[in-house]
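Working notes for the structure below.
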Amino acid sequence: MNIHKEKQLVNVVDRKLITKLLVFAKPYWKKILLAFFLASIFVVANLAQPYLIKVAIDDYLTVQTSVEESFQGFVMIGVLFLFTIFLTSSMTYLQEKLLQFTGQSIIFDIRQKIFRHLASMHMQFFDRNPVGRIVTRVTHDTEALNQLYSQVIVNLVKEVLILIGIVFILLQMSVELTLLSFTVIPILVILVFYYKRLIRDAHRYTRLLLSRLNSNLAENLNGIGIIQFFTRERKQLHQFDHLNNEHYRAGMRGTILNSIFNPAIGFLGNIALAIIIWYGGRGVMDSALTFGVVYAFTHYIRQFFQPLMAIADKYNQIQTAMASSERIFDMLDEKPQINDSPNAKNFPNKIDGKIQFHNVSFAYQPDEYVLKDISFQINSGETVGFVGATGAGKSSIINLINRFYDIQKGTIFIDGYDIKQVKVEDVRRRIGVIQQDPFIFTGDVLYNIRLHHEHISEEEIIKLAKSIGIHDFISSLPKGYQTLLGEQGVTLSSGQKQLISFLRALAFDPDVLILDEATANIDTETEELVQQALHYLSHGRTTIIVAHRLSTIKHADNIIVMDKGEIRETGNHEELLKQRGIYHHLYELQNKEAIDTKNMSYSSS
Ligand SMILES: Nc1ncnc2c1ncn2[C@@H]1O[C@H](COP(=O)(O)OP(=O)(O)OP(=O)(O)O)[C@@H](O)[C@H]1O
Ligand SMILES: [Mg+2]
């Protein structure tokens, strides 16, 4: 399956989808019903206007009446006309506001629901769905739904009512003239819908190209250093030009379509008018029709186009909104896979932190095992190091202890409990993880340490920072503990990020501490801080360290050496060196490197 493939179109009348959509609208059904009511008042008032003029012409202008009678009639009709104008504008205003409010409320509900749902999802879901796509769901797709609720549905009903109303009034005035002018209408309907479809496809294609253009641009700008480094500017420019050119041509096609169809539709409309005037004019002279009827006909026929075009537009909007809503519901329908089992137990408030892996095999993708039949035991209070080449499966083991993924074979025990039989939240609350590349949120240092647990006081945090020796580092930031971090703030190096996340983990006082050491090189000073902090942190609690620098785990109680998803060697530092296996080899390599860098700095000075 291609994870970048998107669903484009769905059947407009998909019953299940409509039912789901109605569920979101249900809390607001009174408001929506009121909007329908306001819309129908609008339709009546709107359609009454040409008819009032017709009455004025036929009853008071062309018929012989006394001046006084005519005057009274005109005043009355004038007042009525003003009243209809007042009604149409006020109803439109009220209905629009009402629906906008409702639409916003519904969208708020949907976004909230999506966010809650996402927060509960298993990791595999995020592996499969790129962040960009999820963001589109929450922002763009919900916006399409908003349009559906606030603009499309009620207005669609309004326009259909107008069309029906016009046909009804026309038939009532003159069946003959109606049938005659309607010889043009079917052609018009077909033309309008055909045109709208062409335009829609053109727009879609342009949008698709635009998004490609965007990502091409973003990629090029992000990788500008590499592009210039490898002198690939000309080649990249060529690629961009090609896309840009295609986008330009797609845009032109849309413009040309517009310039052909708009006059064509106008032309057909004029033909209908000509027929009315020609036939109606003869009717007036033969006294078969009144002048007012012919006037009203021209007016109504011209009014006929507007809702017709609007309906064709709405049809497309509905299709887009339906596709959006289907994508949203697909996402909401996906159930979280990591759940508490029906009789899941609670952990006690404090656990010993004994961890056992019993013949554990695990695969992210079906049948592609990244951990193969792994067994080990970590005793309470021990410090254990994991080492191995990149991709060996070290971080995967950590993901499993946290139950971010469920295993296919074997059992994982914490304090003798099978972790599948314990509440997920309990497992994660007792384990503190310092990730390979810790995430820093937008906010100050304190916020990044507390993460909404406001009950941890600033004094306590400072005390902890001092105890693990990183108070000086934080104080050296521009505003100390109040320094803004993240996108709009100070950028930290990956070693510095780990120091912050040390404090984050410590503030929650976990029973098991896991550190996935940063792969990126960190300077000697930061490394010293990390070592020192780690020494304090590991004291008296089970500690698991995934180490890239072997110096980090030299003093560990036990070291597990991994290769390609299997355990190859175990023992402490001295024992492993004696074995002269993988660990010994790694150690030699790192020592040699260290000596090399030293020599280099000697020779350069
Ligand atoms: N989310 C994921 N989905 C699919 N495969 C994954 C995922 N994460 C890791 N893998 C694969 O699992 C294997 C083990 O990866 P893991 O991250 O555990 O290695 P590691 O030992 O931590 O490596 P490093 O030292 O580079 O951090 C690799 O082959 C990797 O490609
Ligand atoms: Mg890793």
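Residue numbers in the sequence shown follow the working numbering, run continuously in steps of one, and reach 625 at the last position.
All residues carry an ideal CB built from backbone N, CA and C; glycine is no exception.
Measuring straight from C-alpha to C-alpha, what distance separates residue i and residue j?
i	j	result
Ser-361	Val-158	30 Å
Phe-249	Gly-243	10 Å
Glu-163	Val-404	50 Å
Leu-53	Arg-322	30 Å
His-473	Asn-240	40 Å
Leu-211	His-142	50 Å
Lys-117	Lys-50	15 Å
Ala-294	Val-177	30 Å
Ala-364	Leu-535	27 Å
Ser-487	Glu-537	21 Å
His-555	Arg-347	49 Å
Gly-271	Phe-260	16 Å
Ser-125	Ser-170	10 Å
Ala-222	Gln-339	15 Å
Ile-280	Ile-291	17 Å
Leu-596	His-604	7 Å
Gln-192	Val-174	27 Å
Gly-312	Gln-120	39 Å
Ser-194	Thr-310	10 Å
Thr-431	Ala-412	20 Å
Thr-462	Gln-551	27 Å
Val-30	Leu-391	With a pLDDT of only 48 at Val-30, under the threshold of 50, the placement of this residue in the model should not be trusted; the figure read from the coordinates follows. Approximately 41 Å between the Cα atoms of the pair.
Asn-234	Gly-152	13 Å
With residue i as the anchor, note down where its beta strand (DSSP E) starts and where it stops.
i	result
Gln-397	389-398
Lys-429	429-434
Glu-1	Residue coverage of the chain in this structure runs from 21 to 625, which leaves residue 1 outside it and unanswerable.
Ser-125	Run containing Ser-125: none in the beta strand (DSSP E); it sits in the alpha helix (DSSP H), 87-139.
Gln-376	375-383
Phe-250	Careful: Phe-250 lies outside any beta strand (DSSP E) and carries neither H nor E.
Asp-536	532-536
Would residue i and residue j be called neighbours here (beta carbons separated by less than 8 Å)?
i	j	result
Ile-358	Val-465	no
Thr-563	Leu-533	yes
Tyr-425	Gln-144	yes
Tyr-299	Leu-197	yes
Gly-422	Ile-451	In the sequence as displayed, the identity of residue 422 is Asn instead of Gly. In this structure, Ile-451 lies closer than 8 Å to Asn-422 by Cβ.
Pro-47	His-319	no
Phe-382	Ile-427	yes
Asp-147	Tyr-384	yes
Gly-485	Ile-476	Before going further, note that residue 485 is Ala rather than Gly in the sequence given. Contact flag unset, no.
Leu-107	Ala-65	yes
Gln-10	Gln-337	Because the chain here runs from 21 to 625, residue 10 falls outside it and cannot be looked at.
Met-111	Phe-62	yes
Leu-165	Ala-343	no
Ile-490	Leu-519	yes
Ile-602	Thr-590	no
Ile-371	Asp-531	yes
Lys-517	Ile-460	yes
Ile-542	Gly-515	yes
Ile-331	Val-172	no
DSSP state of residue i, grouped into three classes?
i	result
Ser-625	Note on Ser-625: pLDDT 41, under 50, position unreliable in the model; the coordinate value appears next. If DSSP states are grouped into helix, strand and coil, Ser-625 belongs with coil.
Gly-312	helix
Ile-488	coil
Asn-282	helix
Glu-586	strand
Phe-424	coil
Leu-471	coil
Val-83	coil
Ile-338	helix
Gln-508	coil
Phe-260	helix
Thr-462	coil
Asn-578	strand
Quick one: give me the first and last residue of the alpha helix (DSSP H) that residue i is part of.
i	result
Leu-211	205-242
Gly-500	It is not in any alpha helix (DSSP H) - Gly-500 carries neither H nor E in the DSSP assignment.
Ala-364	Element bounds for Ala-364: n/a, residue is neither H nor E.
Phe-62	49-75
Thr-198	195-201
Gly-515	514-527
Asp-446	444-450
Phe-146	143-148
Gly-152	151-156
Ile-38	35-45
Against chain C, does residue i count as a neighbour if the rule is that its beta carbon must be under 8 Å from one of theirs?
i	result
Asn-236	The structure shown has no chain C; it contains just one protein chain.
Mind listing, in chain order, the residues whose beta carbon lies closer than 6 Å to a non-hydrogen atom of ligand 2? Lys-414, Ser-415, Gln-456 and Asp-536
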